[in-house]
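To start, the structure under review is shown below, and the notes come after it.
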């Protein structure tokens, strides 16, 4: 994992989602989740960029995402 990688998610929104969807347990979220999630998002975005380039476009579209 990249050390100085920028977090690509809104931390408060992720934490809020986990709390509201964890039933009555009101789960907490480790900060490490944000790094892993951002890494996964980077992978999806890299795939989408490659798809757009292969299709001769300069715009990433929803269909480019895996």
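Residue numbers (our numbering): 88 to 153.
Just so it is clear, CB atoms sit at the ideal spot from N, CA and C, and this is done for glycine as well.
Whole angstroms is fine: what's the gap from residue i's alpha carbon to residue j's?
i	j	result
residue 96	residue 117	14 Å
residue 108	residue 101	11 Å
residue 103	residue 121	13 Å
residue 106	residue 99	11 Å
residue 141	residue 124	26 Å
residue 130	residue 144	19 Å
residue 133	residue 115	30 Å
So, with DSSP's three-state summary, where would you put residue i?
i	result
residue 109	coil
residue 148	coil
residue 93	coil
Report back the beta-carbon spacing between residue i and residue j to the nearest angstrom; my notes put them in contact at under 8 Å.
i	j	result
residue 151	residue 138	4 Å
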